[in-house]
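Chains as they are written, first to last, in this note's numbering: chain A, 46 to 288; chain B, 3 to 220. Working notes, beginning with the structure itself.
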C-alpha cells in the first residue's frame with residue numbers, strides 16, 4: 046500500500062506531478078473556457094444588476110481560492126513543522142504568490158462590480174476589509190521567505206508565521222464584523238440549497254470554481270517543481286564551487 | 003528572572019531608546035494631526051480616540067526591533083538561551099520589559115495627549131483603560147515579530163510589515179472602547195474582547211516566539 050508520504054520524496058513528487066500536470070492544466074483550461082463562455086454569453090442578465098452580474102464568474106472563484114490557498118499553506122506548514130518534508134515547505138512557498146494574486150483578483154473584480162452596484166469602488170465593509178488584511182498577510186509571508194537566506198530557517202519561520210497569522214486573520218475577520226456593518230451580501234453559495242443563486246447562474250459558476258481549483262493545483266505543482274529544481278541547481282552550483 | 007527584567011528595563015532607560023523616544027514620537031504624531039486635518043476641535047474630538055490608539059501603536063512599533071537586536075549582536079542572547087530559564091519565560095520577560103518601558107509611559111501620558119486633541123472628559127477613563135489593557139498585547143505580538151526578524155540585517159521594515167496586520171484586532175477593539183467611551187456608550191463588549199485578545203496573546207504567543215527564536219539561534 047503506497048503511503049501518501051512517498052510523495053514527500055522530491056524525485057517521486059516531480060515524477061508524479063509531471064504525469065499529472067498536463068491533465069490538470071488541460072482540464073483547468075477546459076472547465077474555465079466552458080464556464081466563462083457559458084457564463085458570459087449564454088446566461089441572461091440579472092433583472093436588477095444587468096450584465097454586471099457576470100463578474101460573479103471571476104469574483105466568487107478567485108475569492109474562494111484566495112482563502113483556500115491560505116488554508117493549503119497552513120496545512121503544508123503544519124506538515125513541514127511536524128514531519129519536516131521539504132516538498133511541503135516548498136509547496137507552501139509556491140502557493141503564496143498564487144494566493145496573493147487571487148486576493149488581488151477578488152478585490153479588483155469586487156471593485157469593478159461595486160462601482161455600478163453600490164456606487165463606490167471601495168467601502169470599509171467587513172468582507173472587503175478582511176480581504177485586504179488577508180492580502181497584507183500574504184505580503185508579509187512572501188517577504189519573510191524572500192528575506193531569509195537559509196532555506197530551512199526560512200521554512201521554519203514562515204511556517205510559524207503562517208500558523209500565528211491564521212489565528213490573527215481569523216480574529217480580524219470577526220473583529221471587523223464587529224467594527225462595521227457591511228454592504229456585501231451574505232454567502233451566495235452554500236450546501237443547503239435554499240439560499241443559493243438561481244440555477245442559471247449557478248451551473249456555469251460551478252464550472253468556473255472547478256476551473257479555478259484545477260488551475261490552482263496545476264500552478265502549485267508547477268511552481269513547487271520549479272522551487273525543487275531551483276534548490277537542486279543551487280546545491281549543484283555550491284558543490285561545483287567546492288570541488 | 004527579576005534580575006533579567008531589571009537589567010532590560012535599565013538598559014532601555016539608560017540607552018535612551020524606548021523610554022523617551024517612544025513618548026516623543028507619540029507627542030509628535032498628536033501634534034501633527036491638527037496640522038493635517040485642521041484645528042476644528044469638534045472634528046478633533048471625533049477622531050481623537052483613533053488617533054491616540056494609532057499613535058500608541060506606532061510608537062510601540064518603533065521600539066520593537068530593539069527587544070532582541072542588542073542582545074543578539076553582543077551574543078548575550080545565546081547565553082540567555084542556554085540559561086536554565088526556559089525560552090518561553092525569556093520572551094515573556096522581554097515582552098514585559100518592553101511593555102513597562104514603552105506601554106506604561108504611553109498609558110500614563112495618554113490623558114495629556116487626549117487633552118491636546120480635545121477628547122470629551124467622559125472619554126478619558128475608557129481611553130486609559132483600553133490602552134492599559136491593549137498595550138500588553140501590542141508588546142507580546144511585537145515580541146513575536148522581533149523574534150521572527152532577529153537574525154536579519156535590515157529587519158526593521160519587514161518587522162512592521164509582519165507585525166502591523168497582527169495588530170488589527172487589538173486596534174479595532176481598543177479604539178472601539180475609546181470611541182464608545184468618548185460618546186458615552188456602553189464599552190463592555192469591546193472591552194471584554196480586548197481583554198480576551200490580550201490575555202490570549204500573553205498565554206499562547208510566547209510559545210510561538212520561543213519556537214521562532216530557537217530556530218533563529220540554531
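C-beta: ideal position from N, C-alpha, C; glycine also.
Which residue's Cα is closest to the Cα of residue 132/B: 90/B, 183/B, 202/B?
The sequence position of residue 132/B within the second chain is 130, counting from 1. The residue with the shortest Cα to Cα distance from residue 132/B is 183/B.
Taking residue 54/A as the reference, give the member of 158/A, 135/A, 122/A, 258/A with the closest Cα.
Taking the first chain and counting its residues from 1, one reaches residue 54/A at position 9. Taking only the C-alpha atoms, the option nearest residue 54/A is 135/A.
Counterpart residues of residue 197/A in DSSP-defined beta bridges
Here residue 197/A is taken as the residue at index 152 of the first chain, counted from 1. Paired residue(s): none; residue 197/A is not in a bridge.
Assign residue 56/A to one of two classes, buried (16 or more other C-beta atoms within 10 Å of its C-beta) or exposed (fewer than that).
Working through the first chain from its first residue, we reach residue 56/A at position 11. When all chains shown are included, residue 56/A counts as exposed.
In the DSSP assignment, find the alpha helix (DSSP H) that holds residue 53/A and state where it starts and stops.
Taking the first chain and counting its residues from 1, one reaches residue 53/A at position 8. In the DSSP assignment, residue 53/A falls outside any alpha helix (DSSP H) and carries neither an H nor an E.
Residue 192/A touches chain B at which residues, Cβ-Cβ below 7 angstroms?
Indexing the first chain from 1 puts residue 192/A at position 147. Within chain B, the C-beta atoms nearer than 7 angstroms to that of residue 192/A come from 154, 160, in chain order.
Report the CB separation of residue 154/A from residue 107/A in whole angstroms; it is logged as a contact under 8 angstroms.
As a first step, residue 154/A is located in the first chain; it is residue number 109 there, counting from the start. As a first step, residue 107/A is located in the first chain; it is residue number 62 there, counting from the start. Right, the Cβ-Cβ distance comes to about 7 angstroms (below 8 angstroms), so this counts as a contact.
In three-state DSSP terms, what is residue 80/A?
As a position in the first chain, residue 80/A is number 35, starting the count at 1. It is helical.
Is it buried or exposed, residue 218/A, if we count other Cβ atoms within 10 angstroms and call 16 or more buried?
On the first chain, residue 218/A is found 173 positions in, with the first residue counted as 1. Around the C-beta of residue 218/A, 16 or more other C-beta atoms lie within 10 Å, and the residue is accordingly described as buried.
Mind checking residue 249/A: buried by the 16 CB within 10 Å criterion, or exposed?
One-based indexing of the first chain puts residue 249/A at position 204. Within a 10 Å sphere around the beta-carbon of residue 249/A sit 16 or more other beta-carbons, which makes this residue buried.
With distances taken Cα to Cα, identify the nearest neighbour of residue 194/A among 47/B, 85/B, 157/B.
Against the first chain, residue 194/A aligns to sequence position 149. Nearest of 47/B, 85/B, 157/B to residue 194/A, Cα basis: 157/B.
Opposite residue 91/A in the DSSP bridges: which residues?
For the purposes of this step, residue 91/A is taken as residue 46 along the first chain, with counting starting at 1. Per DSSP, the beta-bridge partners of residue 91/A are 95/A.
I need the straight-line Cα distance from residue 163/B to residue 84/B, nearest angstrom please.
Counting from 1 along the second chain, the entry for residue 163/B is found at position 161. Counting from 1 along the second chain, the entry for residue 84/B is found at position 82. Taking the straight line from one Cα to the other gives about 30 angstroms.
Which one of 124/A, 105/A, 273/A has the shortest CA to CA distance from residue 149/A?
Along the first chain, read from residue 1 onward, the residue named residue 149/A stands at position 104. Nearest C-alpha to residue 149/A: 105/A.
Residue 220/B - DSSP class collapsed to helix/strand/coil:
Mapped onto the second chain, residue 220/B falls at position 218. It is coil, neither helix nor strand.
Kindly list the residues whose CB is nearer than 8 angstroms to the CB of residue 132/A, restricted to its own chain and excluding five residues on each side of it in sequence; keep chain order.
As a working note, residue 132/A is residue 87 in the first chain. Cβ neighbours of residue 132/A within its own chain (closer than 8 angstroms, five residues either side excluded): 52, 53, 54, 55, 58, 269, 273.
Same chain, Cβ closer than 8 angstroms to residue 186/A, neighbours up to 5 away in sequence not counted
Within the first chain, numbered from 1, the residue matching residue 186/A stands at position 141. Sequence-distant partners of residue 186/A (beyond 5 residues in either direction) whose C-beta falls short of 8 angstroms from its own C-beta, in its chain, are 118, 141, 203, 206, 207, 210.
Positions along the segment 174-186 of chain B whose CB lies within less than 8 angstroms of some CB in chain A
Contacts with chain A (Cβ-Cβ distance below 8 angstroms) from the segment 174-186 of chain B involve 174, 175, 178, listed in chain order.
Specify, as a first and last residue, the run of the alpha helix (DSSP H) that residue 129/B falls within.
Taking the second chain and counting its residues from 1, the one referred to as residue 129/B is at position 127. For residue 129/B, the enclosing alpha helix (DSSP H) starts and ends at 126-150.
Would you call the segment 93-113 of chain B and the segment 62-70 of chain B in contact, with 3 or more CB pairs under 8 angstroms?
Yes, since at least three Cβ pairs between the segment 93-113 of chain B and the segment 62-70 of chain B fall closer than 8 angstroms, the two stretches touch.
Where residue 153/B falls: helix, strand or coil (DSSP)
Within the second chain, numbered from 1, the residue matching residue 153/B stands at position 151. The answer is coil: DSSP assigns residue 153/B none of H, G, I, E or B.
Should the segment 154-173 of chain A be called in touch with the segment 148-157 of chain B, which here means at least 3 C-beta pairs below 8 angstroms?
These segments do not touch.
Closest Cβ-Cβ distance between residue 51/B and chain A: below 7 angstroms?
Translated into the one-based positions of the second chain, residue 51/B becomes position 49. Answer no: the Cβ-Cβ gap between residue 51/B and chain A never drops below 7 angstroms.
In whole angstroms, what separates the C-alpha of residue 73/B from that of residue 70/A?
The residue you call residue 73/B lines up with position 71 of the second chain. The residue you call residue 70/A lines up with position 25 of the first chain. One C-alpha to the other measures close to 51 angstroms.
Spell out a yes or no on whether the segment 281-288 of chain A and the segment 91-98 of chain B are touching, meaning 3 or more CB-CB pairs, one atom from each, closer than 8 angstroms.
The segment 281-288 of chain A, when compared against the segment 91-98 of chain B, does not touch it at the 8 angstroms Cβ threshold.
Tell me the DSSP secondary structure of residue 168/A in three-state form.
Numbered from its first residue, the first chain carries residue 168/A at position 123. Collapsing the DSSP output to three states places residue 168/A in coil.
Compare the beta carbon distance of residue 136/B and residue 198/B with 7 angstroms and say whether it is the shorter of the two.
Against the second chain, residue 136/B aligns to sequence position 134. Against the second chain, residue 198/B aligns to sequence position 196. With contacts defined as CB atoms closer than 7 angstroms, residue 136/B and residue 198/B fail to qualify as a contacting pair.
Alpha helix (DSSP H) containing residue 183/B: first to last residue?
The residue labelled residue 183/B in the question sits at position 181 within the second chain. Residue range 158-184 is occupied by the alpha helix (DSSP H) that includes residue 183/B.
Below-7 angstroms beta-carbon distance, residue 197/B vs any chain A residue:
On the second chain, residue 197/B is found 195 positions in, with the first residue counted as 1. Not an interface residue.
Since residue 44/A meets chain B, which of its residues come closer than 7 angstroms, beta carbon to beta carbon?
This structure cannot settle anything about residue 44/A, because the visible part of chain A is limited to 46 through 288.
If you draw a straight line from the alpha carbon of residue 125/A to that of residue 49/B, how long is it in whole angstroms?
Working through the first chain from its first residue, we reach residue 125/A at position 80. Working through the second chain from its first residue, we reach residue 49/B at position 47. Separation of residue 125/A and residue 49/B (C-alpha to C-alpha, rounded to the nearest whole angstrom) is 45 angstroms.
Can you list, in chain order, the residues of its chain with a C-beta nearer than 8 angstroms to that of residue 167/A? Leave out the 5 residues immediately preceding and following it.
Taking the first residue of the first chain as 1, we reach residue 167/A at position 122. Cβ neighbours of residue 167/A within its own chain (closer than 8 angstroms, five residues either side excluded): 156, 159, 173.
Taking a contact to mean a Cβ-Cβ separation below 7 angstroms, would you say residue 207/B touches residue 99/B in this structure?
Along the second chain, one-based indexing puts residue 207/B at 205. Along the second chain, one-based indexing puts residue 99/B at 97. With respect to residue 99/B, residue 207/B sits apart: the two C-beta atoms are not nearer than 7 angstroms.
Answer yes or no: does any C-beta atom of chain A fall closer than 7 angstroms to that of residue 210/B?
For the purposes of this step, residue 210/B is taken as the residue at position 208 of the second chain. So, interface residue.
May I have the straight-line CA-CA distance separating residue 258/A from residue 151/A, to the nearest angstrom?
Stepping through the first chain from its first residue, residue 258/A is reached at position 213. Stepping through the first chain from its first residue, residue 151/A is reached at position 106. Within the model, the alpha-carbon separation for residue 258/A versus residue 151/A is close to 15 angstroms.
How many angstroms separate the CA atom of residue 93/A from the CA atom of residue 164/A?
One-based indexing of the first chain puts residue 93/A at position 48. One-based indexing of the first chain puts residue 164/A at position 119. A direct Cα-to-Cα measurement between residue 93/A and residue 164/A gives close to 14 angstroms.
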